[in-house]
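Protein chains in written order, with my numbering: chain G, 16 to 326; chain E, 16 to 326.
Let me begin by presenting the structure, written as structure tokens, before commenting on it.
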């Protein structure tokens, strides 16, 4: 049951010869969620062998070109690949105009439906839910309305021990109850504690995508305890005035959010083209938050499953 | 004085992990003309170190996404690079909608002007001229209005021999006349034939971009004697029914046009994603036209200068 992030683009607005603009794919149990879609995203998807057919949901943080100009090409490629499944695209209301423009001028032979789902970037709210995850918006502070996305895997049920099924001749209805945490009472009236029958469930894992935004303290509260945090780090902290002016963050600020949130791992990206080598950015972030990794095209950031402890 | 083509993309509608969608750059005396602009063109420009600031004219053959979806990102990047010079974009009237959409939704801080120049794909006509070249439209046959572009370098003036300037004490007005082909008459009434005073000018070189189009016989007449011909070759000839249906060409058909036109060199591209290896396409084209080269990302196709012969 995977829960892993693949970075497709790590540049800010100006792509470089090494870095594509923003796009991430979160693999949740082999369902792929595309987060932002800068120019060339479809090329990166192909390069890193991510199956187009597994992408049914696209989340767009904000309407700057480096986060959205890959959408038209992706729509067309889905069609050429014979897509039939509906596609759901979440984003600011302005995104509707782009989708409508595409449909009007390039989508006359489209074989599948594109559903636009407007996102309110002003509040934290669940905008998507399925059996495995929920997705929440995270209000960000940028020059245009911008929302991050918090993906939370649902906690599984407790796992019943096979030998206990035999030992106590458990029925299906017994098993359903026990998985949810009930104790078992034998026909003889003996109470078998749940902890003896089961092992704890897997913890629900979480991923927060926070780009683009200036340093925004309250964000840390909203993503408390997140396993994997991607936070933009466009500049080094010596450029923090420029960061503030352009409403971006520095590596140090990204790390501060990670520390305050008590994140497991921080991935920084959205690097300005002025930094050919991002070693200094990493070092800067690590002074505040040790477990910082760089966003790198094609790199997979896996969050392994771990079980909860018995209470 | 360069006259060379750089291919930035060689795929058809579905890009592959090796091939970007259509985009070419023609370098004419260090002025760069961008021809088509598929998704990722700006990434390729950067990769192959082509100076953005030298691009002032963009020619778009037709309004399919794989020829045009790189424009919005390029417009934004020009801006981020501080462009001040006007940009001229030539294409079908539908392209105006795309430019207007960009300007309305993404261009509010644009520092330079974009001029749209409508192109009539029904006739061959000069749509651009400067001191070095003319650009003509080439009617093509495709599912939507499609025009190729024929770039013709102007023939230079005759080169005057330095020793003759001294020998005959030529004035500036003498030199101007002689460069244009006049003989010289000395104060003593002696006629010095031009051929004795000058060497012939460089030939004007030419490049024809023909994509997308089905096999279209009349095209060959329109590009007679072209030095470098790029002709799309989406399929192998065994798929010629599919080529006809989708209004594309086969490698054999591209080579037939090259032979009938008496082209110097043929470059084939716009390969269908079904062909991972294009050796068969090259071999097929070469049965009809020996001097066929494959379009390859980053490859430069140079046309060296040669002088005309004295008549």
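Cβ coordinates follow ideal geometry from the N, Cα and C atoms, glycine included.
Endpoints, the alpha helix (DSSP H) within which residue i is located
i              : result
residue 87(E)  : 86 to 95
residue 83(G)  : 80 to 83
residue 169(E) : Neither: residue 169(E) is in no alpha helix (DSSP H) and is coded neither H nor E.
residue 210(G) : 209 to 212
residue 134(E) : Premise fails: residue 134(E) is in no alpha helix (DSSP H) and is neither H nor E.
residue 77(E)  : Looking at the DSSP string, residue 77(E) is not in any alpha helix (DSSP H), and its letter there is neither H nor E.
residue 121(G) : 109 to 121
residue 31(E)  : It is not in any alpha helix (DSSP H) - residue 31(E) carries neither H nor E in the DSSP assignment.
residue 159(E) : Run containing residue 159(E): none; DSSP gives neither H nor E here.
residue 189(E) : 187 to 194
residue 60(G)  : 56 to 62
residue 99(E)  : Segment: none, residue 99(E) is in no alpha helix (DSSP H) and carries neither H nor E.
residue 65(E)  : Segment: none, residue 65(E) is in no alpha helix (DSSP H) and carries neither H nor E.
residue 179(G) : 177 to 182
Continuous beta strand (DSSP E) stretch holding residue i: start and end
i              : result
residue 47(G)  : 46 to 50
residue 149(G) : 148 to 154
residue 143(G) : 141 to 144
residue 104(G) : 102 to 106
residue 126(E) : Careful: residue 126(E) lies outside any beta strand (DSSP E) and carries neither H nor E.
residue 317(G) : 315 to 317
Straight-line gap, residue i to residue j (C-alpha atoms, nearest Å)
i              : j              : result
residue 256(G) : residue 239(G) : 27 Å
residue 237(G) : residue 109(E) : 45 Å
residue 214(G) : residue 235(G) : 32 Å
residue 90(E)  : residue 55(E)  : 12 Å
residue 53(G)  : residue 187(G) : 49 Å
residue 138(G) : residue 161(G) : 11 Å
residue 247(G) : residue 218(G) : 26 Å
residue 172(E) : residue 22(E)  : 30 Å
residue 104(G) : residue 63(G)  : 22 Å
residue 272(G) : residue 150(G) : 20 Å
residue 265(G) : residue 78(E)  : 40 Å
residue 50(E)  : residue 269(E) : 19 Å
residue 84(E)  : residue 294(G) : 33 Å
residue 230(G) : residue 276(G) : 13 Å
residue 158(G) : residue 106(G) : 16 Å
residue 199(E) : residue 325(E) : 17 Å
residue 316(G) : residue 134(G) : 26 Å
Under 7 Å by beta carbon: chain E residues contacting residue i
i              : result
residue 284(G) : Ordered by position in chain E, no residue passes the 7 Å Cβ test against residue 284(G), which lies about 17 Å from the chain.
residue 95(G)  : 28, 29
residue 92(G)  : 29
residue 66(G)  : In chain order: nothing, as chain E lies at least about 14 Å away.
residue 219(G) : The contacting residues do not exist; residue 219(G) stays about 34 Å from chain E at best.
residue 99(G)  : Simply none; closest approach about 17 Å.
Chain G within 8 Å of residue i, Cβ atoms only
i              : result
residue 112(E) : yes
residue 30(E)  : yes
residue 80(E)  : yes
residue 62(E)  : yes
Neighbour flag for residue i against chain E, beta carbons, 8 Å
i              : result
residue 54(G)  : yes
residue 196(G) : no
residue 21(G)  : no
Contact set between residue i and chain E, taken where Cβ atoms lie within less than 9 Å
i              : result
residue 116(G) : 112, 113, 116, 120
residue 88(G)  : 30, 36, 53, 54, 55, 80, 81, 84, 85
Under 8 Å by beta carbon: chain E residues contacting residue i
i             : result
residue 58(G) : 30, 32, 35, 54, 55
residue 85(G) : 54
Listed by chain order, chain G residues near residue i by CB distance under 8 Å
i              : result
residue 109(E) : 120
request  = Report the residue ranges of all alpha helix (DSSP H) runs contained in full by the segment 222 to 310 of chain E; include only those spanning at least 4 residues, in chain order.
outcome  = Counting only runs of 4 or more, we get 233 to 237, 255 to 261, 266 to 276, 294 to 303.
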